[in-house]
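Peer 1:
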Ligand code: SF4
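In this note's numbering, the protein residues as written are 137 to 492.
(1) Could you compute how far the alpha carbon of residue 293 sits from the alpha carbon of residue 162?
(2) Exposed or buried, what is residue 196 when buried is set at 16 or more other beta-carbons lying within 10 Å of its beta-carbon?
(3) When DSSP builds the beta bridges, which residues end up paired with residue 422?
(4) What is the C-beta distance between residue 260 and residue 241, in whole angstroms, given that I count them as a contact (C-beta under 8 Å)?
(5) Could you check where the alpha helix (DSSP H) with residue 311 kicks off and where it finishes?
(6) Which word fits residue 182, buried or exposed, when buried means at least 16 other C-beta atoms lie within 10 angstroms of its C-beta?
(7) Would you say residue 253 touches the ligand SF4, meaning its beta carbon is less than 7 Å from a heavy atom?
(8) One question on the structure: do residue 247 and residue 356 come within less than 8 Å of each other, judged by their Cβ atoms?
(9) How should residue 325 be labelled, buried or exposed, when 16 other C-beta atoms within 10 angstroms of its C-beta is the threshold for buried?
(10) Using a Cβ-Cβ cut-off of 8 Å (strictly less than) and excluding sequence neighbours within five positions of residue 486, which residues of its own chain qualify?
(11) Assuming residue 343 is part of the beta strand (DSSP E), what are its boundary residues?
(12) Can you list, in chain order, the residues of its chain whose CB lies under 7 Å from that of residue 167, leaving out five sequence neighbours each side?
(13) Below 8 Å on the Cβ atoms is my contact criterion, and I expect residue 321 with residue 342 to pass it. Report the Cβ-Cβ distance as a whole number of Å.
(14) Can you tell me where the alpha helix (DSSP H) holding residue 264 begins and where it ends?
(15) Report yes if the CB atom of residue 312 is closer than 8 Å to the CB atom of residue 340, and no otherwise.
(16) On the criterion of 16 or more Cβ atoms from any shown chain inside 10 Å, does residue 211 qualify as buried, or is it exposed?
(17) How about residue 250: is its Cβ closer than 7 Å to a heavy atom in the ligand SF4?
(18) Ignoring anything shorter than 4 residues, give me the alpha helix (DSSP H) runs that lie fully in the segment 187-273, in order along the chain.
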């Protein structure tokens, strides 16, 4: 590790710019792939410091004196590697499988489950061997024919946030366009969709945007795209003929939540083209947390306003060990009812896929 490091001044950024890491690691074998080489050229052209590493899973010498500093730096560190595990995880309820093109995210959403699932490895890993990943996906599709197999590309990352660097979604969308029995879906809080608009997709990729009441975006979603930019991107996606969806998550009970969610739905209706409601889906996920997540979030975002009072929640048993704290039934039902009504008020043909 550490064979090459360029320390130069960093490029200037403005709020609409896509993510530029502060430090990049490469597995040497990643440079045997065109994607690895083109990321290297990009890194060098921007004079971003980079190092070589033996494994994308063992980045141990990140700068920073405290755990918190290291965490913040990790969120701005990109690791370019080869995906070796080609056994896909399941991804219910939104899809059959998670398709792994990246792990980790530059966003700082306080409630994000990656805080706990990625443990001590919050840095951002991208995988350059897309052909291997697509070959594995093809295997999963063939196994289930004549059933349709859906792949979720955003289980462990926000792939749109990384698309300007990797171009991996473009490859997945093009591949899935030709799969009679395969479908792709992903969700994002970023707006970098321009490179996806002209692609042949055959309606086989559903792009969903994660949206929320203003209060939630303002207090809990730093380092993601602004709401207005996400909605503008959603309108472009609708016009490009992609199946479109919204995930409202996490739905958070807060002072003025009814006004907040009502305003959210009316601004979506205003911004979208008129026929967007055809084939439009919504997924509704109430806020939940585990005890472990609560501890991690309080350490990483010590001043967070995120309410995680166990006394006010209902305990829901988990299938594998640790259960989650959700809203008590009465509150959850009030949220579900109110938001569903607002959805159908503005988008009468939309489908609510689930509330969980
Ligand atoms: S954008 Fe998504 S993946 Fe990234 S931190 Fe926020 S919730 Fe997590």
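Don't be surprised by glycine CBs; every beta carbon is placed ideally from N, CA and C. Fair warning: this is a prediction, and the values are worked out from it, not measured in the lab.
Peer 2: In short:
(1) Position 157 of the chain shown, counting from 1, holds the residue named residue 293. Position 26 of the chain shown, counting from 1, holds the residue named residue 162. C-alpha of residue 293 to C-alpha of residue 162: approximately 19 Å in a straight line.
(2) Counted from its first residue, the chain shown places residue 196 at position 60. Of the residues assessed, residue 196 falls on the exposed side of the cut-off, its CB having fewer than 16 other CB atoms within 10 angstroms.
(3) Within the chain shown, numbered from 1, the residue matching residue 422 stands at position 286. For residue 422, which the question treats as bridged, DSSP gives the partners 387.
(4) The residue you call residue 260 lines up with position 124 of the chain shown. The residue you call residue 241 lines up with position 105 of the chain shown. Residue 260 to residue 241, Cβ: 7 Å. Contact.
(5) Working through the chain shown from its first residue, we reach residue 311 at position 175. Membership of residue 311 in the alpha helix (DSSP H) is indicated by the continuous run 304-313.
(6) For the purposes of this step, residue 182 is taken as residue 46 along the chain shown, with counting starting at 1. Around the C-beta of residue 182, fewer than 16 other C-beta atoms lie within 10 Å, and the residue is accordingly described as exposed.
(7) If you number the chain shown from 1, residue 253 lands on position 117. No, since every heavy atom of the ligand SF4 falls outside the 7 Å radius drawn around the Cβ of residue 253.
(8) Numbered from 1 along the chain shown, position 111 holds the residue referred to as residue 247. Numbered from 1 along the chain shown, position 220 holds the residue referred to as residue 356. Yes; because the gap between Cβ atoms is below 8 Å, this pair is in contact.
(9) As a first step, residue 325 must be located in the chain shown, where it is residue number 189. Answer is buried; the Cβ neighbour count reaches 16.
(10) Counting from 1 along the chain shown, the entry for residue 486 is found at position 350. Excluding the 5 residues flanking it on each side, residue 486 has same chain C-beta neighbours closer than 8 Å at 413, 416, 417, 418, 479 and 480, in chain order.
(11) Here residue 343 refers to the residue found at position 207 of the chain shown. Following the DSSP letters along the chain, one finds residue 343 inside the beta strand (DSSP E) bounded by residues 341-347.
(12) Residue mapping note: residue 167 aligns to position 31 of the chain shown, counting from 1. Once the five neighbours on either side are set aside, the close Cβ partners of residue 167 are 173 and 176.
(13) The sequence position of residue 321 within the chain shown is 185, counting from 1. The sequence position of residue 342 within the chain shown is 206, counting from 1. Yes, they are in contact, since the Cβ atoms of residue 321 and residue 342 sit about 4 Å apart, within 8 Å.
(14) Against the chain shown, residue 264 aligns to sequence position 128. Run containing residue 264: none; DSSP gives neither H nor E here.
(15) The residue labelled residue 312 in the question sits at position 176 within the chain shown. The residue labelled residue 340 in the question sits at position 204 within the chain shown. Yes, the pair counts as a contact, with Cβ atoms nearer than the cut-off.
(16) Residue numbering aside, residue 211 sits at position 75 when the chain shown is read from its first letter. Buried, because 16 or more other Cβ atoms sit within 10 Å of the Cβ of residue 211.
(17) The sequence position of residue 250 within the chain shown is 114, counting from 1. For the ligand SF4, at least one heavy atom lies less than 7 Å from the Cβ of residue 250.
(18) Annotation: the segment 187-273 contains the following complete segments of the alpha helix (DSSP H) (minimum length 4 residues), in chain order: 203-210 and 250-253.
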